[in-house]
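Engineer: If you're matching positions, the sequence shown starts at -14 in the numbering used here and goes up one per residue.
If you scroll down you'll find the structure; I have some questions about it.
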Amino acid sequence: MYISVKEAAEKWNISERRVRVLCSEGKIPGVIRDGRSWKIPEAAKKPEDGRYKTAESLLTIIDNKKRELDSKRTLTQGEVERLTEKFIVEYTYNSNAIEGNTLTLRETGIVLRGLTIDKKPLKDHMEAVGHKEAFDFVRDLVKENVPISESIIKQIHYLVLADKKEDRGVYRGGAFACEF
């Protein structure tokens, strides 16, 4: 015996559209396509809703996936360092590109290894290096569990603005005296 989409929707207290989606995704065992309609086995159970209802359920799913990943492999120290370096290069590139830096991703990686790029402004080089130094500084603060303070924020600001000597790590004057 089979029931219709409408009957299944009423039985499971969900919309007919959701039942059709479950049918098309193969989430209901034994369902049969009959032209433009679906025939659902009368004994079929309502599938579990795999959609995310709350941030908490999403975090649980992420934690479970992380545990599964961790159980399948362990990263060597070299792999962790390589991934960290790749992240820093991409993070530096994206952060600086937003501000108009002209270095490419590849060029950013080269600059962070201590080389310079011909025909690129010194300002772009300094921004990349300053951003990485600020990132490394913050990583060290986290490792040492240093609480954030105004002084720490000024130090980070000083490192990020490696190309702007007069504005580094100090408050600006004028109408916005509280801004960096």
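Where is the CB? At the ideal position from N, CA and C, for every residue including glycine.
Being a predicted model, the structure only gives us computed values, none of them experimental.
What's the gap between the Cα of K31 and the Cα of C8?
Structural biologist: Taking the first residue of the sequence shown as 1, we reach residue 31 at position 46. Taking the first residue of the sequence shown as 1, we reach residue 8 at position 23. Rounded to the nearest angstrom, the two C-alpha atoms are 11 Å apart.
Engineer: Give me whichever residues DSSP pairs with Y(-13) in a beta bridge.
Structural biologist: As a position in the sequence shown, residue -13 is number 2, starting the count at 1. The partner list for Y(-13) (beta bridge, DSSP) reads P26.
Engineer: Could you tell me the boundaries of the alpha helix (DSSP H) in which R5 lies?
Structural biologist: Stepping through the sequence shown from its first residue, residue 5 is reached at position 20. It spans E1 to S9 - the alpha helix (DSSP H) in which R5 sits, taken as one unbroken run.
Engineer: Taking the C-alpha atoms as reference points, what is the distance between R124 and N86?
Structural biologist: Counted from its first residue, the sequence shown places residue 124 at position 139. Counted from its first residue, the sequence shown places residue 86 at position 101. Looking at the two C-alpha atoms, the distance is approximately 23 Å.
Engineer: Using CA atoms only, rank isn't needed, just tell me which of L88, S134 and E129 is closest to E112.
Structural biologist: Along the sequence shown, read from residue 1 onward, the residue named residue 112 stands at position 127. Nearest option by C-alpha distance: L88.
Engineer: By DSSP, does D103 sit in helix, in strand, or in coil?
Structural biologist: Stepping through the sequence shown from its first residue, residue 103 is reached at position 118. Residue state for D103 is assigned as coil, using DSSP reduced to three classes.
Engineer: Taking I17 as part of the beta strand (DSSP E), name the residues at either end of that continuous run.
Structural biologist: Within the sequence shown, numbered from 1, the residue matching residue 17 stands at position 32. That run of the beta strand (DSSP E) goes I17 to D19.
Engineer: Three or more C-beta pairs closer than 8 Å, one from the stretch 76 to 83 and one from the stretch 92 to 102: is that the case here?
Structural biologist: yes
Engineer: Under the rule that 16 or more other beta-carbon atoms within 10 Å means buried, what is N130, buried or exposed?
Structural biologist: If you number the sequence shown from 1, residue 130 lands on position 145. Exposed, since its Cβ has fewer than 16 Cβ neighbours within 10 Å.
Engineer: Helix, strand or coil for S42 per DSSP?
Structural biologist: In the sequence shown, counting from the first residue as 1, residue 42 sits at position 57. In this structure, S42 counts as helix in the three-state DSSP scheme.
Engineer: Would you call the stretch -13 to -5 in contact with the stretch 17 to 31, where contact means no fewer than 3 C-beta pairs closer than 8 Å?
Structural biologist: yes
Engineer: Does the Cβ of N81 have 16 or more other Cβ atoms within 10 Å, making it buried, or fewer, making it exposed?
Structural biologist: Within the sequence shown, numbered from 1, the residue matching residue 81 stands at position 96. Buried: at least 16 other Cβ atoms inside 10 Å.
Engineer: When you compare only the Cα positions, how much space is there between W(-3) and L44?
Structural biologist: Here residue -3 refers to the residue found at position 12 of the sequence shown. Here residue 44 refers to the residue found at position 59 of the sequence shown. In a straight line, the C-alpha of W(-3) is about 27 Å away from that of L44.
Engineer: Secondary structure at N79, three-state DSSP: helix, strand or coil?
Structural biologist: Here the question's residue 79 lines up with position 94 in the sequence shown. Helix at N79.
Engineer: Report back the beta-carbon spacing between V145 and G115 to the nearest angstrom; my notes put them in contact at under 8 Å.
Structural biologist: Working through the sequence shown from its first residue, we reach residue 145 at position 160. Working through the sequence shown from its first residue, we reach residue 115 at position 130. Yes, V145 and G115 are in contact; Cβ-Cβ is about 5 Å, under 8 Å.
Engineer: With L146 as the anchor, note down where its alpha helix (DSSP H) starts and where it stops.
Structural biologist: Taking the first residue of the sequence shown as 1, we reach residue 146 at position 161. Unbroken run through L146: none, as it is neither H nor E.
Engineer: Return the Cβ separation of V4 and A(-7) in integer angstroms, given the expectation that the two are a contact with Cβ distance under 8 Å.
Structural biologist: In the sequence shown, residue 4 corresponds to position 19, counting from 1. In the sequence shown, residue -7 corresponds to position 8, counting from 1. V4 to A(-7), Cβ: 5 Å. Contact.
Engineer: Any idea what DSSP makes of R49, helix, strand or coil?
Structural biologist: On the sequence shown, residue 49 is found 64 positions in, with the first residue counted as 1. Residue identity differs from the one stated: residue 49 is Asn in this sequence, not Arg. In this structure, N49 counts as helix in the three-state DSSP scheme.
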